[in-house]
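Counting in the working numbering, the sequence shown runs from -10 upward without gaps.
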Amino acid sequence: MKENEILKRYGADPVEMTMTLLEYAGLADDIPGADAHIGIKPNLVCQTPAEYGATTHPEIVEGIIRYLQEHGFSKISVIEGSWVGDSTAEAYVLCGYQTVCEKYQVPFIDTQKDSSHRRDCGGMELSVCDAVSGLDYLINVPVLKGHCQTKMTCALKNMKGLIPNSEKRRFHTIGLHQPIAHLSCGIHQDFIVIDHICGDPTFEEGGNPLKTDCVMAAKDPVLVDAYACKLLGLTADDVQYVRLAEKLGVGSAGLAKARVLVLNEKGEILKEFAADGKEPYEKNLTSKDRMFEVSVDIDECDSCSACFSSLTEALYHLKEDGLLEEQKLSKIAIGQGHRGKTGEYGIGNCCQKFTHYIPGCPPKEEEIYKVLQEWN
Ligand code: SF4
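Structure, rendered in structure tokens:
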């Protein structure tokens, strides 16, 4: 397939949908030899099944493995590390990956347990897990979904699962967008299969899945992220790291020159349209659909995604339960930028010098929900 193409397949069978896309794309011809060690990188950010809208459907990874094995490739690994605060080993079981990996005799590499090395990533030195160095070809399998800090997450940000937890924390202290963009200079993703089945357009942790029943494939992570922005009612300018990655030469965000090809079950082109044109099969979300308004002033400074997500989810559920309006708290601090500082109300161990703080690194959403009511 061409760099400026995005393939889509709608349906109800993710294994078949994925295999149809890979056949059309001619993936086998793109892999450098039958002996190549191929890494498949899903999103197992937390321990929730894919139906919640946060993690990659295991059926998509199964479709990739079946395609590769049927084309004679045997050196395949699934490689991933959950976010800070969740265990990859538990997500591996709960999200259905143990079943798939055992069925096809494919090893799973937990990057939370891997060693790491420093690597130049387009002029920024970052820590990358050692397992990445052993790969000849990387297939990225992100979920297209919203993100409480960066607004959108898809191909570029999914590479964060290939760095150690200490580096994930550090990303949040150095601006998040810059290191995400640079990471894709240091780790080349050769092919991308996007889970667009029911990603949550509001939060990376899921809970509000939006059914679209689609799997996509692309070669350019910047292009597919720009297209993901469009599907979420954003533009590439709304998500800083997309433009930064483009400037670093990772790919092109130019949707005007990109084509979307929708395939049928036989792998024939059903419809073709410009990537910046009207979407014939799904509704573009607006920012109003994605975001919820809260009256609480959050003093966020370099918070980890898991921590910030726990807070926003707790606030969301307080709002749903009609309790947010009653909150009398005017300001809540969160993030590594508050370490060693004092204040009144704070979330997480970083705010342990505050008069009131909720311990945990990150604290659980249920605990925040409970304590915010006590603080009220
Ligand atoms: S407490 Fe601090 S270090 Fe821990 S998850 Fe929250 S922001 Fe990150």
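The beta-carbon is built from N, C-alpha and C at its ideal position, and this holds for glycine as well.
Contact set for Pro96: own chain, Cβ-Cβ below 6 Å, skip 5 residues either direction: Ser66
C-alpha gap between Ile163 and His171, whole angstroms: 12 Å
Proximity winner among Arg55, Arg232, Gly188, Tyr126, relative to Phe180 (alpha-carbon distances): Tyr126
Beta-carbon proximity list for Phe343, same chain, < 6 Å, skipping 5 on both sides: Gly332, Gly335
His106 - partner residues in DSSP beta bridges: Val117
Straight-line Cα distance separating Asp18 from Pro352: 46 Å
Status (buried if at least 16 other CB within 10 Å, exposed otherwise) for Ser292: buried
Closest by C-alpha distance to Lys102, when choosing among Gly188, Val360, Asn154: Asn154
Candidates Leu223, Ala207, Trp364, Glu194, of which the one nearest Ala80 by Cα: Glu194
Where the beta strand (DSSP E) containing Glu271 begins and where it ends: Neither: Glu271 is in no beta strand (DSSP E) and is coded neither H nor E.
Closer than 8 Å: Cys350 CB and nearest ligand 1 heavy atom: yes
Sheet register partners of Leu(-4) (DSSP bridge): Ala206, Leu250
Span separating the alpha-carbon of Glu268 from that of Val50: 26 Å
Inter-stretch contact (C-beta, 8 Å, three-pair minimum) for the stretch 225 to 245 and the stretch 8 to 24: no
For Tyr216 and Leu233, believed in contact at Cβ under 8 Å, the rounded distance: In fact, because the Cβ distance is near 17 Å, the residues do not count as touching under 8 Å.
Nonlocal neighbours in the same chain, by C-beta distance under 7 Å from His46, ignoring five residues either side: Pro3, Ala39, Asp184, Ile186
Contact under 9 Å by Cβ, Gly337 with Cys290: no
Beta-carbon proximity of Tyr270 to Lys64, cut-off 9 Å: no
Supposed close pair Asp214, Val231 - CB separation, criterion 8 Å: 5 Å
Range covered by the beta strand (DSSP E) that runs through Ala322: 320 to 323
With 16 other Cβ atoms within 10 Å as the buried cut-off, status of Asp390: Nothing about residue 390 can be reported from this structure: the residues present for the chain run from -10 to 365 only.
DSSP-derived helix/strand/coil call for Ala39: helix
Chain-order list of residues whose beta-carbon lies under 6 Å from that of Thr201 (same chain, five-residue window excluded): His185, Glu271
Contained beta strand (DSSP E) runs [length at least 3] in the stretch 5 to 70, N- to C-terminal order: 27 to 31, 65 to 69
Alpha-carbon to alpha-carbon, Lys219 and Thr142: 12 Å
Residue(s) in a DSSP beta bridge with Phe180: Ile128
CB-CB length for Ile54 against Tyr93, believed under 8 Å: 5 Å
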